[in-house]
Amino acid sequence: MSLKKYELIKEIGSGTFGRVWMAKDCGNNELVAIKRRPKWQNVASREVEAMETVRGEKGIIQIKRCFYSLTPGGIIMQNVVMPLMSRSLGTFIRENRALRKHNSAHRISPELVKSISLQIVEGLAALHLSGYTHRDLKPDNILLMDVDGSEGNFPNINICDLGSSKKLMKNDINMPYVVSRFYRAPELLLGSCEYSEKIDIWGCIFAELLALDPIFVGRCPGKQRDSRVDVAKQGADEPFQILKIFEVLGSPNENDIKLLKNMIPKSINKMLDECIFAFKISSISWFEILDGFFTNEYVFIQRIISKYFFQGETAD
Numbered sequence: 009m010s011l012k013k014y015e016l017i018k019e020i021g022s023g024t025f026g027r028v029w030m031a032k033d034c035g036n037n038e039l040v041a042i043k044r045r046p047k048w049q050n051v052a053s054r055e056v057e058a059m060e061t062v063r064g065e066k067g068i069i070q071i072k073r074c075f076y077s078l079t080p081g082g083i084i085m086q087n088v089v090m091p092l093m094s095r096s097l098g099t100f101i102r103e104n105r106a107l108r109k110h111n112s113a114h115r116i117s118p119e120l121v122k123s124i125s126l127q128i129v130e131g132l133a134a135l136h137l138s139g140y141t142h143r144d145l146k147p148d149n150i151l152l153m154d155v156d157g158s159e160g161n162f163p164n165i166n167i168c169d170l171g172s173s174k175k176l177m178k179n180d181i182n183m184p185y186v187v188s189r190f191y192r193a194p195e196l197l198l199g200s201c202e203y204s205e206k207i208d209i210w211g212c213i214f215a216e217l218l219a220l221d222p223i224f225v226g227r228c229p230g231k232q233r234d235s236r237v238d239v240a241k242q243g244a245d246e247p248f249q250i251l252k253i254f255e256v257l258g259s260p261n262e263n264d265i266k267l268l269k270n271m272i273p274k275s276i277n278k279m280l281d282e283c284i285f286a287f288k289i290s291s292i293s294w295f296e297i298l299d300g301f302f303t304n305e306y307v308f309i310q311r312i313i314s315k316y317f318f319q320g321e322t323a324d
């Protein structure tokens, strides 16, 4: 299929795995998003394979079609056509953070936090049941589609950017340098190469919806900003990320330290069991909701859906 079928309007995002454009389908005038990247060898990208696997699943951005085009310089480009969403969850959080500057009491409503969180969990459940782990879940990789603005109508949520996703097999050795640092689970920070899909349910995004700021911002003392280049080249901030987790959740005790020594972990073990930072919504804490989330075997994500925090909730 030729790119001429689409009119590229403007670039709306970019990352490791390509650039995203707002485009118009010249056949029906529909506005869509097209993710473009150079084609790799003679196979479809892992992202396309993952998106095809979860086609039709709720809570995950859907692929409309994938086609290839040729640049004037002779480079074959992969083009993934997707629905055009309103904005990212990261943008939504930043908008609310800006509102808080003018009104210190401003927060995202508990009902909206519940709706967003449930939809994220449902999307992850579908992804994990398909065999894939996302490996880069963060607010900027979650998209919102605003609906009718009347009260009680919450935005639809879709997990996107499956470029880092992978089917993890037992006893496989996997690269631990995945997931953006502020959202990286402790076992990854400690160098585990034998992690599972449970790294996707570390819980930072739920907390950020409540606090309107990332809760684990670990930086080398003296750094004024997060420099991705410095982190990539020097790793200077990495040790301070795990220290920030301890600062927020509490210091590990002697037993925890013994567990830490064995981390190259298969799970987070019980390191956080007693020092979990419990946010409250309607007097229910996230720790109570997850009920053993941070124990030897993280709960499977289906259990999160069934917990009483979400009873009676739907993603509609």
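Counting in my numbering, the sequence shown tops out at residue 324, every number present. Glycine included, C-beta positions come from ideal geometry on N, C-alpha and C.
- Task: Starting from the C-beta of K72, find all residues in its chain whose C-beta is less than 8 Å away, skip the five residues before and the five after it, and write them out in chain order.
- Result: Excluding its 5 nearest sequence neighbours in each direction, K72 has C-beta neighbours in its own chain below 8 Å: V40, V89, M90, P91, listed in chain order.
- Message: If I measure Cβ to Cβ from L16 and keep anything under 6 Å in the same chain, skipping five residues before and after, which residues do I get?
- Response: So the qualifying residues of the chain are W29, A31.
- Three-state secondary structure (DSSP) at M85? DSSP places M85 within a strand segment (E or B) once states are collapsed to three.
- Inside the region 76-144 only - beta strand (DSSP E) runs reaching at least 3 residues: Within the region 76-144, the runs of beta strand (DSSP E) that reach at least 3 residues and sit entirely inside it are, in chain order, 84-91.
- Would you decide whether C212 is buried or exposed? Buried here means 16 or more other CB atoms lie within 10 Å of its CB. Buried, by the Cβ-count rule.
- Task: Please name the residue in A193, G199, F214 whose C-alpha comes closest to that of E205.
- Result: Considering only alpha carbons, the answer is A193.
- Message: Taking only three categories from DSSP, how would you classify K161?
- Response: The question names Lys, but residue 161 in the sequence shown is Asn. Coil at N161, not helix or strand.
- Query: By the 10 Å Cβ neighbour count, where 16 or more other Cβ atoms means buried, how is P147 classified, buried or exposed?
  - Reply: Burial call: buried.
- Query: Is it buried or exposed for A106, if we count other Cβ within 10 angstroms and need 16 for buried?
  - Reply: Exposed.
- Task: Indicate the three-state DSSP secondary structure (helix, strand or coil) for P46 in the structure shown.
- Result: Note: P46 maps to strand in three-state DSSP.
- Just grab the DSSP bridge partners of G28 for me. This sequence places Val at residue 28; Gly is not what is there. DSSP lists G21, K43 as partners of V28.
- Select from T79, N87, C201, G139 the residue whose C-alpha is nearest the C-alpha of R27. Here the closest residue by C-alpha is N87.
- Take the Cβ of G226 as the centre, count every other Cβ of all protein chains shown within 10 Å, and call the residue buried at 16 or more, exposed below. By the 10 Å Cβ count, G226 comes out buried.
- Check C212 in the structure and name its three-state DSSP category. Three-state result, C212: helix.
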